[in-house]
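See below for the structure under consideration.
Protein chains in written order, with my numbering: chain A, 1 to 172; chain B, 1001 to 1154.
Given below as structure tokens:
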């Protein structure tokens, strides 16, 4: 009876030690997996997508930038859905914002060269279009933030492979 | 009887293992941060639900240090963010205001040209220096969030 209790205690001790070492290994694996996680830095309406804290620039997205975020986050379905929202809004924002800026400049030039009934319409319409474009660009950047959040979550959880698209430059 | 207790004990250990793994996964889902901008204001959101963890407005940034204090690397970046964000916003704002003053001065016929040149130069320098500070601040913010989320996994 005593020996059985001793064997039971030894078995339990082995389980506890095994569990502790497994937890350590999982923890360090998940941290290592997260080292390939993505983040973005925004500047002047563009967003540099960077892998790791000081890692390479995977690509630059933003004003008329055709960088394929969908391809980078393709391994995570929720990230992919957000990347599509980013792509749609980024394109709309770029096009409408640019048309708005052009209309505003034309309106100001027309107004400066004499009175013309079209100039107030161009200026008001242009500023409105620029505002609409900025709104869409903001929606795009929010979607990009969510996309990378989901991608990093699934990367840390499953250690998904990290495809690299576009140019790869060291972060300055 | 002792065999039954042994089996029960091992089963309990396995259940503990499963719940520990679930807790590790929910750590990121519930606590990982991300940054979003709404109407020009910075917001730091937490978890899947996107609860607002900190918010910054015009001329004041979110309290990042308090938020990421658990991670040393994140805290170091948060301090860089807090050092650069507010001065960057003030300088950029001052530059835009000075540019407006320079445009206004250009409409006055008998103004000293030195004042006009001075205002224009000040505005460009302020905007450029403010933009540099803001660029540094946004970079540090991105890194701070990245480090915080990474260290959640430990």
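Ideal Cβ positions, reconstructed from N, Cα and C, are used throughout, including at glycine. Just so it is clear, the structure is predicted and the values come from calculations on it, not from any experiment.
Under 7 Å from the C-beta of residue i: neighbouring residues of chain B
i	result
residue 141 of chain A	1037
residue 41 of chain A	1138, 1139, 1142
Chain A contact residues for residue i, given Cβ-Cβ distances below 9 Å
i	result
residue 1079 of chain B	Simply none; closest approach about 15 Å.
Residue i - partner residues in DSSP beta bridges
i	result
residue 43 of chain A	A:46
residue 51 of chain A	A:38
residue 62 of chain A	A:46, A:65
Partner residues on chain B for residue i, Cβ-Cβ distance less than 9 Å
i	result
residue 90 of chain A	Going along chain B, no residue has its Cβ under 9 Å from residue 90 of chain A, so there is no contact; the nearest lies around 14 Å.
residue 145 of chain A	1034, 1035, 1036, 1037, 1045
Burial state of residue i, where buried means 16 or more other Cβ atoms lie within 10 Å
i	result
residue 152 of chain A	buried
residue 1052 of chain B	exposed
residue 118 of chain A	exposed
residue 100 of chain A	buried
residue 120 of chain A	exposed
residue 1039 of chain B	exposed
residue 1044 of chain B	buried
residue 124 of chain A	exposed
residue 1146 of chain B	buried
residue 147 of chain A	buried
residue 1089 of chain B	buried
residue 1138 of chain B	buried
residue 133 of chain A	buried
residue 1126 of chain B	buried
residue 109 of chain A	exposed
residue 114 of chain A	exposed
residue 76 of chain A	buried
residue 1081 of chain B	buried
residue 1104 of chain B	exposed
residue 1114 of chain B	exposed
residue 1111 of chain B	exposed
residue 37 of chain A	buried
residue 1106 of chain B	exposed
residue 1060 of chain B	exposed
residue 1117 of chain B	exposed
residue 1068 of chain B	buried
residue 49 of chain A	buried
residue 1057 of chain B	exposed
Contact list for residue i against chain A, beta-carbon separation under 8 Å
i	result
residue 1029 of chain B	153
Where residue i meets chain A, residues with beta-carbon distance less than 7 Å
i	result
residue 991 of chain B	The displayed coordinates of chain B run from 1001 to 1154. Any statement about residue 991 of chain B would go beyond what the structure contains.
Neighbouring residues, chain B, relative to residue i (Cβ below 8 Å)
i	result
residue 37 of chain A	1146, 1149, 1150
Min CB distance residue i to chain E below 8 Å
i	result
residue 156 of chain A	Within the model displayed, chain E is absent; protein chains A and B are what it includes.
- Going along the chain, which residues of the stretch 45-71 of chain A sit with their C-beta nearer than 7 Å to a C-beta in chain B? From the stretch 45-71 of chain A, only 53 have a Cβ closer than 7 Å to chain B.
- Query: Between the stretch 109-133 of chain A and chain B, which residues of the former have CB atoms less than 8 Å from a CB of the latter, in chain order?
  - Reply: Answer set for the stretch 109-133 of chain A: empty.
- Segments of 4+ residues assigned as alpha helix (DSSP H) that fall wholly inside the stretch 1019-1098 of chain B: The qualifying runs are 1064-1067.
- Complete beta strand (DSSP E) runs within the stretch 75-146 of chain A (minimum length 3 residues, chain order): Along the length of the stretch 75-146 of chain A, whole beta strand (DSSP E) runs at least 3 residues long do not occur.
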